[in-house]
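Residue numbers (full-length UniProt numbering): 1 to 180.
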């Protein structure tokens, strides 16, 4: 099985911050610090790489499972933009959403770059809440010879979804299959 990660971070508007969040109560208590409110979305997918291949596109891929996990983090801005604390702060956040340490390096850079540019933006100077969305796509690729896939089991595993999605494999999937 091969797992691939892809991470994106971008600024959001304050509509993602619930009215009853700790940040807003701290601000009302005369806390002069700025906070990042980070909505982290992890999309976990499992794909079966079929043994049969399309003449033109190569290996076919079928989605077996797709689920989404969402967590919210309230982090003092100085912890995320200070180079001496940003790595450990981001690593703790990513570990809380089950991202292994060895996959965190690129993600941490993207998240810290987004946070730093957001904090430096002139329109955010003096803002108490800096909302960010982090989306992580975690995809497992399983080859047909790694698992015994019965059609009945396959139908049950995708029940309640759009159904199995079949299509040509991307270049990344072909490379993932070759490393299995």
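Note that the Cβ used here is the ideal one computed from N, Cα and C, for glycine as well.
Same chain only: Cβ atoms within 7 angstroms of residue 76, ignoring 5 sequence neighbours per side:
33 and 35
In the DSSP output, which residue or residues are listed as bridge partners for residue 76?
35
Opening and closing residue of the alpha helix (DSSP H) in which residue 137 lies:
That residue, residue 137, is in no alpha helix (DSSP H); its beta strand (DSSP E) goes 129-143.
Does the distance from the CB of residue 97 to the CB of residue 40 come in under 7 angstroms?
yes
Could you check what DSSP says for residue 41 in three-state terms: helix, strand or coil?
strand
Going by the beta-carbon positions, is the gap between residue 38 and residue 134 smaller than 7 angstroms?
yes
Rounded to the nearest angstrom, what separates residue 93 and residue 11 at their Cα positions?
17 angstroms
Contact check, residue 108 vs residue 81, beta carbons under 7 angstroms:
no
Under a Cβ-count criterion, where at least 16 other Cβ atoms within 10 Å of its own Cβ denotes burial, should residue 132 be classed as buried or exposed?
buried
Residue interval of the beta strand (DSSP E) (run including residue 9)
2-11
From this set, 19, 70, 86 and 144, which residue's C-alpha is nearest residue 111's C-alpha?
86
Quick check on residue 191: does DSSP put it in helix, strand or coil?
Residue coverage of the chain in this structure runs from 1 to 180, which leaves residue 191 outside it and unanswerable.
For the alpha helix (DSSP H) containing residue 104, list its first residue and its last residue.
104-120
Could you compute how far the alpha carbon of residue 7 sits from the alpha carbon of residue 124?
24 angstroms
Rounded to the nearest angstrom, what separates residue 136 and residue 5 at their Cα positions?
7 angstroms
Residue 61: buried (16+ other C-beta within 10 angstroms of its C-beta) or exposed?
buried
To the nearest angstrom, report how far apart residue 149 and residue 103 are at their CA atoms.
Confidence in residue 149 is poor, its pLDDT being 48 and thus under 50, which makes the residue's placement unreliable; the coordinate value appears in the next sentence. Approximately 29 angstroms, taken between the alpha carbons.
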